[in-house]
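First up is the structure itself, then whatever we jot down about it.
Residue numbers (the numbering used here), protein chains in the order written: chain A, 432 to 1070; chain B, -15 to 492.
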């Protein structure tokens, strides 16, 4: 079994190195095939590990070698395969495998095909380190590793020039890549501080040691550690106010968006909170956990609101990701860790499917993403249409698809915890989610044909690509049916992750579920009437409405990116410039030069004394003697 | 081999003298061969190094002026060992990758002399010998900047020389005073640093002496506000000069703190934590911001180098083994990474004779190999885990967190600000459309450039993944140093502040 751990972990790494060997040569299909194959190997190993864990219940813990040893700190490369990590591994490798195969088709015209696979597999490797590591420092390796791979992949089409924010809200791929990296770094500082706090108070960074020592720590320490780690989680999972990078990251190729910015990397923050459940579940940090739940709910609503008016297909899906991450944090914050993890898995499947479907549309429309330029695509792209509808139903949360079970459980949790405001917001957001996901489906696949007039001749994606997507479609449908079985599996881990609804909630569960379904269906119907009809009821763009206050607020993302630019980026550049030209050159350096000049000038001036004329020298000698006498006289008087 | 260190110090100098009679055409080959032998010798030093011994090894002692206690006294411990190896490595790589064509023979001879002085500084255990090498190292560098530099080279080289020279004179006064005090207390003259260690000085003496040494070292590091010579020096120096300056010469300053200030003045060092930390924070944040404002690639790297030295300084005063070991490791990492970055900037300068970022853009498309290596070094510079930049920075911040959480958070902004200026540099030069006509036909790295950079890439990754072979000996010596400081400290505050590792409380 131990070998399987290494196989699962290193297969993507080998794939990445292999692809990197051909990184600078012509596109070669076999590079993509081999990388995908190695990912499949990793997936199968993960699955075997999961099955083994399910049947035997034995957590596997391996230590590969030492990494950093200094002073009293000792950090190994160690990996732990427990219920939490194996869930993540299976989800990550499954989605990655499908995305890899998809990318063979999607990237087939790209010159940098081989390089793409190298980055993509390297990303999966980092993600696996992140989830498998048995200590916080190892997690941090993966944490930063996925950050770099994301930087490389978002900026994959680096040759595109910068545009203004009006032309393209993300400016350019390379700009978006830098934004993502830097914003994540801000959060990473929080994460590092959390690591430092834990180390100095528990003497270790190993999960088991740290978690065992938690009950002996001061409340203040626990709270600061919880806050600091959560700041780290906020960056990776794009929670407000560190959320703007996620929508901009849509500049990357679509398979990247599907893999990194929907299914895997952005869930790392949620994973961190779930992994640290012994910390977040403590009495002393209840306030922090509640804050997490509130922030999650807020983000769920906030992101959904922006998706209502967005016209860019990929950005809508990005907002929905943001919103669903909010749901996960709401669940985790309320203590329902396993529900959060389950939603994470279910979301990974249907969101990846949605993104890949979006990629098909984009491929067909020659990279056009404006929904207003599509319409009636269902006849030309039947397979994609079916996939995206399945994914949207799952996202909207209708039974019996995956999203319903997991999201309903989260909403139920909010009710169960008597946080009715959160419950209300989450229900409302569920309605909005249903509305915007179907707005997107209807605008893309139904209604009037708006694309032919613009000269687009869409065509369906390759057959093998559609076939590769099918497992995701199946999973988007059936995952929810295994919620009970998964619960039994994850409960093996111990009390920390267990969460049960109260009797009272249990009784009301059916009604609660019906409310959610009702709200969601209303959203879909509303979207249908607005966007799906043809003929005289067909959707028409209302320019006047787009000048309204709320519309402008939403389409400009509440002006947050603008505020960041005006009040952070620009002042920073300005202050830097002042520091350089005004302070460093004019004050610090000028002082040094002036000191030097003083010696030089005084030397130069006094040189005139050296005339070689004896009588001159005598004069100076007399002056000197007088000065000395005066000094002697004064000091004598003072003493 | 009893005279191993002497051979290591004087081999390059003797070879440099012989270099005068070598043919001009083969001077470069000769220089690289000598540097390679020297590097091999330093590796041999590592292999024959006793890892379990935290003290001085390969000690050589020949009295020079017995009446004044001046001795030819050399030795190396875990802290200096790797700095020596880095010195010989960077000299070798710098020389092998050098693209200079003017007066190559003179350049080679100068570099070999410089190598002698640098190795000399790191192995000297007698203050006079140390001072001698310390000052001698200025001369070849003065010559390199002044003879091969850019248009402002005379100003830059004189500024470099006078500024650091003024600082070291104050340090010399401090040294003389220590020797004088030693004579007062024991009745014998000695300039041996190990003898000085035994000297327990009153706190006010310690403070004055700490200040005197501080000025000498701080200018060299360079600490804010003594850093303004460095943008000129880097701006005007030829690539090889910048590589050696950033990789090795700056480390002489931080090494001085470890070798002199910490063990000799433990109480003053503890008292100096806050002021030094404040200066270091200014270095980290202020110069990182200045780096962001730069238009010239090389100046970005130059200021970033100052910013990173701030992290090293902070770690030196963490007063625990985590921070101090991290700091020493970071010295090596900074040496290799900033050296490599300067070489990389040199590559583009050789092709375009400009370093302005506005001249570039889209280079990744025409020079992919160059972009990859630059990218790896950039990631190491911003401290990505599994590159050499991470363990040092992580340990320093971890260690200093024990002293002050707030200051650590401020220092930690280095990981953000570093990413900000580095990614901006990368975006401006390598990403975006390839608009400039002149860049379209640029040639990617040639063999010489590739093969001088590949070893650095390999080291950066190797020591990022498995830092143990280097970190362990450093850590041993650092722990011993802390135990020594703790025992020697006379004030309670200092004893409380200096944290001795649990792992050697029982043993050592």
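We put the CB at the ideal spot given by N, CA and C, even for glycine. Just so it is clear, the structure is predicted and the values come from calculations on it, not from any experiment.
Straight-line gap, residue 222 (chain B) to residue 359 (chain B) (C-alpha atoms, nearest Å): Here residue 222 (chain B) is taken as the residue at index 238 of the second chain, counted from 1. Here residue 359 (chain B) is taken as the residue at index 375 of the second chain, counted from 1. One C-alpha to the other measures close to 23 Å.
With a CB to CB cut of under 6 Å and the five nearest residues on each side skipped, what residues in its chain are close to residue 549 (chain A)? Position 118 of the first chain holds residue 549 (chain A). Closer than 6 Å at Cβ, skipping near neighbours: 447, 450, 451 and 454.
Going by DSSP, what residue range makes up the alpha helix (DSSP H) through residue 639 (chain A)? Indexing the first chain from 1 puts residue 639 (chain A) at position 208. Its alpha helix (DSSP H) spans residues 638 to 644.
Would you please verify whether the beta carbon of residue 616 (chain A) is less than 8 Å from any beta carbon of chain B? Position 185 of the first chain, counting from 1, holds the residue named residue 616 (chain A). With 8 Å as the cut-off, residue 616 (chain A) counts as an interface residue toward chain B.
Report the residue ranges of all alpha helix (DSSP H) runs contained in full by the region 513 to 560 of chain A; include only those spanning at least 4 residues, in chain order. Taken in chain order, the complete alpha helix (DSSP H) segments of 4 residues or longer contained in the region 513 to 560 of chain A are 514 to 537.
What is the DSSP secondary structure of residue 180 (chain B), reduced to helix, strand or coil? Here the question's residue 180 (chain B) lines up with position 196 in the second chain. Here residue 180 (chain B) sits in helix by DSSP.
When you compare each of A:897, A:732 and A:609 to residue 855 (chain A) by their alpha carbons, which one comes out closest? For the purposes of this step, residue 855 (chain A) is taken as the residue at position 424 of the first chain. Among A:897, A:732 and A:609, the Cα nearest to that of residue 855 (chain A) is on A:732.
Quick check for students: name the residue ranges of the alpha helix (DSSP H) that lie wholly in the region 556 to 599 of chain A, counting only runs of 4 or more. 567 to 585
How big is the Cα-Cα spacing for residue 1057 (chain A) and residue 1026 (chain A)? For the purposes of this step, residue 1057 (chain A) is taken as residue 626 along the first chain, with counting starting at 1. For the purposes of this step, residue 1026 (chain A) is taken as residue 595 along the first chain, with counting starting at 1. Their backbone Cα atoms lie some 29 Å apart in a straight line.
Note down the Cα distance separating residue 292 (chain B) from residue 802 (chain A), rounded to an integer number of angstroms. As a first step, residue 292 (chain B) must be located in the second chain, where it is residue number 308. As a first step, residue 802 (chain A) must be located in the first chain, where it is residue number 371. Distance from the CA atom of residue 292 (chain B) to the CA atom of residue 802 (chain A), rounded to whole angstroms, is 48 Å.
Would you say residue 778 (chain A) faces chain B, with C-beta separation under 8 Å as the test? Working through the first chain from its first residue, we reach residue 778 (chain A) at position 347. Judged by the 8 Å Cβ criterion, residue 778 (chain A) is not in contact with chain B.
Residue 647 (chain A) versus A:632, A:658, A:738 and A:655, residue with shortest Cα-Cα distance: Along the first chain, one-based indexing puts residue 647 (chain A) at 216. For the residues A:632, A:658, A:738 and A:655, the minimum Cα distance to residue 647 (chain A) belongs to A:632.
Measure from the alpha carbon of residue 626 (chain A) to the alpha carbon of each residue in B:413, B:433, B:396 and B:407, then state which is nearest. Counted from its first residue, the first chain places residue 626 (chain A) at position 195. Per the Cα distances, B:396.
What are the boundary residues of the beta strand (DSSP E) that includes residue 686 (chain A)? Indexing the first chain from 1 puts residue 686 (chain A) at position 255. If you look at residue 686 (chain A), you'll find it isn't in any beta strand (DSSP E); it sits in the alpha helix (DSSP H) that goes 685 to 689.
Please classify residue 886 (chain A) as buried or exposed, where buried requires at least 16 neighbouring CB atoms within 10 angstroms. Residue mapping note: residue 886 (chain A) aligns to position 455 of the first chain, counting from 1. Exposed: under 16 other Cβ atoms inside 10 Å.
Assuming residue 22 (chain B) contacts residue 84 (chain B) under a Cβ cut-off of 8 Å, what Cβ separation, rounded to an integer in Å, is found between them? In the second chain, the residue the question calls residue 22 (chain B) occupies position 38. In the second chain, the residue the question calls residue 84 (chain B) occupies position 100. Residue 22 (chain B) to residue 84 (chain B), Cβ: 20 Å. No contact.
Looking only at its own chain, which residues have a Cβ that is under 7 Å from the Cβ of residue 298 (chain B), when we skip the five neighbours before and after it? Within the second chain, the letter at position 314 stands for residue 298 (chain B). Contacts found: 261, 264, 380, 384 and 395.
Report the rounded CA-to-CA distance for residue 215 (chain B) versus residue 458 (chain B), giving the unit in angstroms. Residue 215 (chain B) sits at position 231 when you count from the first residue of the second chain. Residue 458 (chain B) sits at position 474 when you count from the first residue of the second chain. C-alpha separation (whole angstroms): 31 Å.
Here's a check: name, in chain order, each residue in its chain whose Cβ is nearer than 6 Å to the Cβ of residue 38 (chain B), leaving out the five neighbours to either side. Here the question's residue 38 (chain B) lines up with position 54 in the second chain. Excluding positions up to five away in sequence, the list reads 460, 461 and 464.
So is residue 276 (chain B) in contact with chain A if we call contact Cβ pairs under 8 Å? The residue given as residue 276 (chain B) occupies position 292 in the second chain. It does: the Cβ of residue 276 (chain B) has a partner Cβ on chain A nearer than 8 Å.
Interface partners of residue 415 (chain B) on chain A, CB under 7 Å: Taking the second chain and counting its residues from 1, the one referred to as residue 415 (chain B) is at position 431. Within 7 Å of the CB of residue 415 (chain B), the CB atoms of chain A belong to 586, 589 and 605, in sequence order along the chain.
Which residues mark the beginning and the end of the beta strand (DSSP E) in which residue 490 (chain A) is found? Taking the first chain and counting its residues from 1, the one referred to as residue 490 (chain A) is at position 59. Here residue 490 (chain A) belongs to no beta strand (DSSP E), and DSSP marks it neither H nor E.
For residue 985 (chain A) versus residue 740 (chain A), is the C-beta distance shorter than 8 Å? Sequence index remark: in the first chain, residue 985 (chain A) carries index 554 (1-based). Sequence index remark: in the first chain, residue 740 (chain A) carries index 309 (1-based). Closer than 8 Å, so yes.
Proximity of residue 735 (chain A) and residue 867 (chain A) at Cβ, strictly below 8 Å: If you number the first chain from 1, residue 735 (chain A) lands on position 304. If you number the first chain from 1, residue 867 (chain A) lands on position 436. A contact, by the Cβ cut-off of 8 Å.
Between the Cα of residue 864 (chain A) and the Cα atoms of A:594, A:949 and A:932, which residue gives the shortest distance? The residue given as residue 864 (chain A) occupies position 433 in the first chain. For residue 864 (chain A), the nearest C-alpha among the options comes from A:949.
Straight-line Cα distance separating residue 12 (chain B) from residue 88 (chain B): The sequence position of residue 88 (chain B) within the second chain is 104, counting from 1. The sequence position of residue 12 (chain B) within the second chain is 28, counting from 1. Each residue's alpha carbon lies about 7 Å from the other.
With a threshold of 8 Å between beta carbons, is residue 448 (chain A) in contact with chain B? As a first step, residue 448 (chain A) must be located in the first chain, where it is residue number 17. It does not: the Cβ of residue 448 (chain A) has no partner Cβ on chain B nearer than 8 Å.
Please confirm if residue 354 (chain B) has its CB atom under 8 Å from at least one CB of chain A. Along the second chain, one-based indexing puts residue 354 (chain B) at 370. So no, residue 354 (chain B) is outside the interface.
Would you mind sorting residue 481 (chain B) into buried or exposed? The rule is 16 or more other CB atoms within 10 Å of its CB. In the second chain, the residue the question calls residue 481 (chain B) occupies position 497. That one is buried.
Kindly provide the ranges of any alpha helix (DSSP H) runs that are 4 or more residues long and lie completely inside the region 455 to 482 of chain B, ordered along the chain. 476 to 481
So does the region 494 to 513 of chain A actually touch the region 647 to 658 of chain A, counting three or more Cβ pairs closer than 8 Å? In the pairwise beta carbon analysis, the region 494 to 513 of chain A is classified as not touching the region 647 to 658 of chain A: fewer than three pairs are separated by under 8 Å.
When the Cα of residue 131 (chain B) is compared with those of B:86, B:76, B:144 and B:175, which residue comes out closest? Along the second chain, read from residue 1 onward, the residue named residue 131 (chain B) stands at position 147. Answer by Cα proximity: B:86.
Residue range of the beta strand (DSSP E) that residue 45 (chain B) falls in? In the second chain, the residue the question calls residue 45 (chain B) occupies position 61. Per DSSP, residue 45 (chain B) is one residue of the beta strand (DSSP E) stretching across 41 to 49.
Cross-chain neighbours of residue 455 (chain A) in chain B, by beta carbon under 8 Å: Reading the first chain from its first residue, position 24 is the one you call residue 455 (chain A). By Cβ distance, chain B contributes 352 and 353.
Residues bridged to residue 505 (chain A) [DSSP beta-bridge criterion]: Sequence index remark: in the first chain, residue 505 (chain A) carries index 74 (1-based). Looking at the DSSP assignment, residue 505 (chain A) forms a beta bridge with A:500.
So the candidates are B:251, B:313 and B:258; which of them puts its Cα closest to the Cα of residue 235 (chain B)? Counting from one through the second chain, the residue named residue 235 (chain B) turns up at place 251. Here the closest residue by C-alpha is B:313.
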